[in-house]
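Undergrad: In our numbering, the protein residues as written are 19 to 164.
All C-beta atoms, glycine included, are put in the ideal place defined by N, C-alpha and C.
Treat the numbers as computed from the prediction; the structure is a model and nothing was measured.
The structure's right below; bear with me while I get my questions together.
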Amino acid sequence: LGAFTWGFGYGVLAWGIPDELYAGWLRVLSPSRYGLRIPVDAMDRSPKERFVGHFPRGLDVWLNAEGQVMELHLSVAVDGEQHYKARGLTLQPTVVRRFLERIDLRYDPRRPAPLETRLSSGDRVVLGQGDQATTLEFIMLPREER
19 LGAFTWGFGY GVLAWGIPDE LYAGWLRVLS PSRYGLRIPV DAMDRSPKER
69 FVGHFPRGLD VWLNAEGQVM ELHLSVAVDG EQHYKARGLT LQPTVVRRFL
119 ERIDLRYDPR RPAPLETRLS SGDRVVLGQG DQATTLEFIM LPREER
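What follows is the structure, encoded as structure tokens:
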């Protein structure tokens, strides 16, 4: 009864917090690189897309090729209504992991468009497989962090 009361009270109080106070960030969790955070949102809150890979020029998040990251591996986008999506752009393993769920975003050349899924705070995106895989974490932080 106590847990239900606490959960209900917390839900009622947190319901009124607007999403505009928070912004999405990508955090690199890799043993070969420190935990760098990259904002996904644009400063003017317009739609934005961030690209992840190891192409030498023009990517928003550059990661080493040794971490099984392809030239153009993943993109994370936000629309005008602050919905975040991850889109797989390579044939190499790209997996979104969340509680009791695993989504494979590997690009299928037979499909007309890449696979995508909605992101929530705490989701982890694993690029590659095995011990050399690179992990990204999607987190929501207050806009004042920027």
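1. Can you list, in chain order, the residues of its chain whose CB lies under 6 angstroms from that of E67, leaving out five sequence neighbours each side?
2. Pick out whichever of L145, Y40 and D97 has its Cα sitting closest to the Cα of L123.
3. What separation, rounded to the nearest whole angstrom, lies between the Cα atoms of T112 and R120?
4. In angstroms, rounded to a whole number, what distance separates the CA positions of P127 and F26?
5. Please identify the residue among G71, V114, D97 and G76 whose C-alpha is closest to the C-alpha of G85.
6. For S64 and T153, which I take to be in contact (beta-carbon distance under 8 angstroms), what is that distance rounded to the nearest angstrom?
7. Report buried or exposed for F117, applying the criterion of at least 16 other Cβ atoms within 10 angstroms of its Cβ.
8. Extract the residue ranges of the beta strand (DSSP E) inside the segment 44-99, only unbroken runs of 3 or more that lie entirely within it.
9. Kindly provide the ranges of any beta strand (DSSP E) runs that are 3 or more residues long and lie completely inside the segment 104-142, ordered along the chain.
10. Have a look at the DSSP bridge pairing and note the partners of I157.
11. Which residues does DSSP list as the beta-bridge partners of Y102?
12. Check whether the Cβ atoms of I56 and L44 lie closer than 8 angstroms to each other.
13. To which residues of the same chain is L109 closer than 7 angstroms at the C-beta, ignoring the five residues directly before and after it?
TA: For this structure:
1. The residues are S93 and A95.
2. Ranking L145, Y40 and D97 by Cα distance to L123 puts L145 first.
3. CA-CA distance, T112 to R120, rounds to 10 angstroms.
4. Rounded to the nearest angstrom, the two C-alpha atoms are 46 angstroms apart.
5. For the options G71, V114, D97 and G76, the alpha carbon positioned closest to that of G85 is the one of G71.
6. Separation of the CB atoms of S64 and T153 is rounded to 28 angstroms, and the pair is thereby denied contact status at 8 angstroms.
7. Answer is exposed; the Cβ neighbour count stays below 16.
8. Secondary structure in the segment 44-99: the beta strand (DSSP E) runs of 3 residues or longer, each lying completely within the stretch, are 55-57, 66-71 and 92-96 in chain order.
9. Counting only runs of 3 or more, we get 112-116, 119-122 and 134-136.
10. Paired residues: W43.
11. Per DSSP, the beta-bridge partners of Y102 are V96.
12. Contact annotation: I56 and L44 have beta-carbon atoms nearer than 8 angstroms.
13. Same-chain partners within the cutoff: R124 and Y125.
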